[in-house]
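A.B. asks: Each residue of the sequence shown is one higher than the last, beginning at 4 in the working numbering. Ideal Cβ placement from N, Cα and C applies to all residues, glycine included. Quick caveat: nothing in here was measured; it's all calculated off a predicted structure. The structure is given below, and queries will be raised subsequently.
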Amino acid sequence: MSSPLVSIITPVYNGEQYLSEAIESALAQTYQNFELLIINDGSTDNSAEIIKPFLKDSRVIYIEQKNAGVAAARNTAIKQARGKYIGFLDQDDCWLPDKLSTQIQFLEKKPELAFVHSRQDYIQADGVVITDYPKDWVTDLHGNCFVELFKRNRISVLTVLLRKKVIDEIGFFNEAVSRVDDYELWLRICSKYPIDFQDEKLALYRCHDTNASHEYVKMEQAELNALGNFYKKNKEAFMLMDKNILNHRFFVLHTDVANNFFWQEHNYSFALHHYLKALYFKPFCWKNIKQAFWCLLSNTQRKKLLWYLSKIQQAIYRL
């Protein structure tokens with residue numbers, strides 16, 4: 004088997020707490036023909052000092068830029084990457100030692116694939132594996148899987164090994180899409196290329212309060228915006244998709260976002276907007292019609308109506 008160069012991309016922003024573990028997991032790969040591009044995205048903590056000792060390794064390339072976000076940092080590295088393949092290792096995660104060797108061997112035998120992804124283990128902030136973690140959201144997406152991917156993102160960027168020629172053709176991460184820029188890229192790739200899945204754990208995803216995916220509500224809003232924009236710009240990719248799948252996806256997303264605005268943020272005008280959008284995709288959802296009605300009421304009207312409803316409920320209970 005040939006030994007193609009791999010470009011490992013690690014964006015860093017105030018990542019001093021776990022950064023050394025991430026870098027060490029890259030350098031500990033059993034497959035050693037790689038370059039590690041570390042992009043310091045305007046960190047204000049001690050990240051730069053933590054990176055310095057690793058620069059003694061000629062394979063480690065250090066780049067500094069003003070803070071522009073993770074997508075921009077990854078794009079900066081991709082533009083300088085020399086590898087045939089690209090892997091993405093974030094500052095708070097780790098790769099298991101055989102990740103690169105396993106995935107390169109796989110991709111070298113299947114030149115038709117855009118990328119391969121795998122399962123991952125989940126670890127606590129202190130690095131201990133979470134043995135009772137809820138059902139893994141990463142699933143066996145493979146082949147021409149655009150429709151299944153559109154239904155929900157099931158690919159962890161941490162586990163992906165991607166052919167650079169594909170990203171050169173498809174385009175870089177969309178810097179206008181926050182939080183779900185990886186998902187938007189997978190959609191673009193999977194609308195044109197097959198992918199594959201390795202059913203083994205090759206990486207460690209760290210669960211802690213400061214990683215971006217912890218912000219569930221904002222993630223849902225970002226996903227809705229990204230999918231809406233992707234649909235507008237790539238309608239040809241949806242020509243063979245069952246319209247019910249398309250409608251259901253947008254119905255669920257608008258409903259989830261509306262519920263977040265209604266119950267958590269108490270922003271009833273925004274909630275109403277998304278309930279009405281959801282009703283466009285599923286007009287006879289009575290639950291959403293009821294919620295939209297509640298949004299139209301003032302706070303005083305809501306309290307009065309709730310009072311009357313509670314009295315009616317008590318009267319019925321006494322019967």
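Whole angstroms is fine: what's the gap from residue 181's alpha carbon to residue 57's?
C.D. replies: Residue 181 sits at position 178 when you count from the first residue of the sequence shown. Residue 57 sits at position 54 when you count from the first residue of the sequence shown. Those two C-alpha atoms are separated by around 30 Å.
A.B. asks: Identify, in the order they occur along the chain, each residue of the same chain with its Cβ nearer than 7 Å to the Cβ of residue 209, setting aside the five sequence neighbours on each side.
C.D. replies: Within the sequence shown, the letter at position 206 stands for residue 209. Closer than 7 Å at Cβ, skipping near neighbours: 21, 95, 96, 126 and 128.
A.B. asks: Can the beta-carbon of residue 121 be found less than 8 Å from the beta-carbon of residue 203?
C.D. replies: Within the sequence shown, the letter at position 118 stands for residue 121. Within the sequence shown, the letter at position 200 stands for residue 203. Contact flag set, yes.
A.B. asks: Which residue wins for smallest C-alpha separation from residue 281, given the options 297, 119, 243 and 252?
C.D. replies: Walking along the sequence shown from the start, residue 281 turns up at place 278. Taking only the C-alpha atoms, the option nearest residue 281 is 252.
A.B. asks: Provide the residue span of the alpha helix (DSSP H) that contains residue 191, from first to last.
C.D. replies: Within the sequence shown, the letter at position 188 stands for residue 191. It spans 184 to 193 - the alpha helix (DSSP H) in which residue 191 sits, taken as one unbroken run.
A.B. asks: Which stretch, first to last residue, makes up the alpha helix (DSSP H) that contains residue 3?
C.D. replies: Residue 3 lies beyond the stretch modelled for the chain, which goes from 4 to 322, so this question has no answer here.
A.B. asks: Pairs of beta-carbons, one from the stretch 155 to 163 and one from the stretch 233 to 240, closer than 8 Å: are there three or more?
C.D. replies: In short, these stretches do not touch, since the Cβ pair count stays below three.
A.B. asks: Just mark residue 174 as buried or exposed, buried being the case when its beta carbon has 16 or more other beta carbons within 10 Å.
C.D. replies: In the sequence shown, residue 174 corresponds to position 171, counting from 1. By the 10 Å Cβ count, residue 174 comes out exposed.
A.B. asks: In or out: residue 211 buried (at least 16 other Cβ within 10 Å) or exposed?
C.D. replies: For the purposes of this step, residue 211 is taken as residue 208 along the sequence shown, with counting starting at 1. Exposed.
A.B. asks: Please state whether DSSP places residue 140 in a helix, a strand or coil.
C.D. replies: Along the sequence shown, read from residue 1 onward, the residue named residue 140 stands at position 137. Coil.
A.B. asks: Please tell me whether, using a cut-off of 7 Å, the distance from the CB of residue 209 to the nearest non-hydrogen atom of the ligand GTP is below it.
C.D. replies: With respect to the ligand GTP, the structure offers nothing, as it holds no ligand at all.
A.B. asks: If you count every other CB in all the chains shown that lies within 10 Å of the CB of residue 9, and 16 or more means buried, which is it?
C.D. replies: What you label residue 9 is simply residue 6 of the sequence shown in a count that begins at 1. Under this definition residue 9 is a buried residue.
A.B. asks: Rank 69, 7 and 75 by C-alpha distance to the C-alpha of residue 112 and give the top, closest one.
C.D. replies: The residue given as residue 112 occupies position 109 in the sequence shown. Per the Cα distances, 7.
A.B. asks: By DSSP, does residue 202 sit in helix, in strand, or in coil?
C.D. replies: Here residue 202 refers to the residue found at position 199 when the sequence shown is read from its first residue. Note: residue 202 maps to strand in three-state DSSP.
A.B. asks: Tell me the residue span of the beta strand (DSSP E) that contains residue 5.
C.D. replies: One-based indexing of the sequence shown puts residue 5 at position 2. Premise fails: residue 5 is in no beta strand (DSSP E) and is neither H nor E.
A.B. asks: Per DSSP, which residues does residue 124 bridge with? Please list them.
C.D. replies: Translated into the one-based positions of the sequence shown, residue 124 becomes position 121. Answer is 207, bridged to residue 124.
A.B. asks: Compare the Cα-Cα distances from residue 67 to each of 52, 135, 60 and 61 and report the closest residue.
C.D. replies: Within the sequence shown, the letter at position 64 stands for residue 67. Among 52, 135, 60 and 61, the Cα nearest to that of residue 67 belongs to 52.
A.B. asks: What is the DSSP secondary structure of residue 148, reduced to helix, strand or coil?
C.D. replies: Within the sequence shown, numbered from 1, the residue matching residue 148 stands at position 145. It is coil, neither helix nor strand.
A.B. asks: Which of the three DSSP states, helix, strand or coil, is assigned to residue 178?
C.D. replies: Stepping through the sequence shown from its first residue, residue 178 is reached at position 175. Residue 178: coil per DSSP, three-state reduction.
A.B. asks: Can you name the start and end residues of the beta strand (DSSP E) that residue 231 belongs to?
C.D. replies: Position 228 of the sequence shown, counted from the start, is the residue given in the question as residue 231. Looking at the DSSP string, residue 231 is not in any beta strand (DSSP E); the run it does join, the alpha helix (DSSP H), is 219 to 236.
A.B. asks: Which runs of the alpha helix (DSSP H) fall wholly inside the stretch 54 to 117 and span at least 4 residues, in chain order?
C.D. replies: Runs of the alpha helix (DSSP H) inside the stretch 54 to 117: 73 to 83 and 102 to 111.
A.B. asks: Do you know how far the Cα of residue 318 is from the Cα of residue 124?
C.D. replies: Residue mapping note: residue 124 aligns to position 121 of the sequence shown, counting from 1. Residue mapping note: residue 318 aligns to position 315 of the sequence shown, counting from 1. Each residue's Cα considered, the two are about 53 Å apart.
A.B. asks: If you run the structure through DSSP and keep just helix, strand and coil, what is residue 155?
C.D. replies: The residue given as residue 155 occupies position 152 in the sequence shown. In the structure shown, residue 155 sits in coil (DSSP, three-state: anything other than H, G, I, E or B).
A.B. asks: Using DSSP with H/G/I as helix, E/B as strand and the rest coil, what is residue 279?
C.D. replies: Translated into the one-based positions of the sequence shown, residue 279 becomes position 276. DSSP places residue 279 in helix when its eight states are reduced to three.
A.B. asks: Give the straight-line distance between the Cα atoms of residue 196 and residue 266, rounded to the nearest whole angstrom.
C.D. replies: Looking up residue 196 in the sequence shown gives position 193. Looking up residue 266 in the sequence shown gives position 263. C-alpha separation (whole angstroms): 40 Å.
A.B. asks: Roughly how many whole angstroms lie between the Cα atoms of residue 250 and residue 286?
C.D. replies: Translated into positions along the sequence shown, residue 250 becomes position 247. Translated into positions along the sequence shown, residue 286 becomes position 283. One C-alpha to the other measures close to 11 Å.
A.B. asks: Could you have a look at residue 255 and say whether DSSP puts it in helix, strand or coil?
C.D. replies: Along the sequence shown, read from residue 1 onward, the residue named residue 255 stands at position 252. If DSSP states are grouped into helix, strand and coil, residue 255 belongs with the helices.
A.B. asks: Going by the beta-carbon positions, is the gap between residue 102 and residue 32 smaller than 8 Å?
C.D. replies: Here residue 102 is taken as the residue at index 99 of the sequence shown, counted from 1. Here residue 32 is taken as the residue at index 29 of the sequence shown, counted from 1. Their beta carbons are under 8 Å apart, which means residue 102 touches residue 32 by this criterion.
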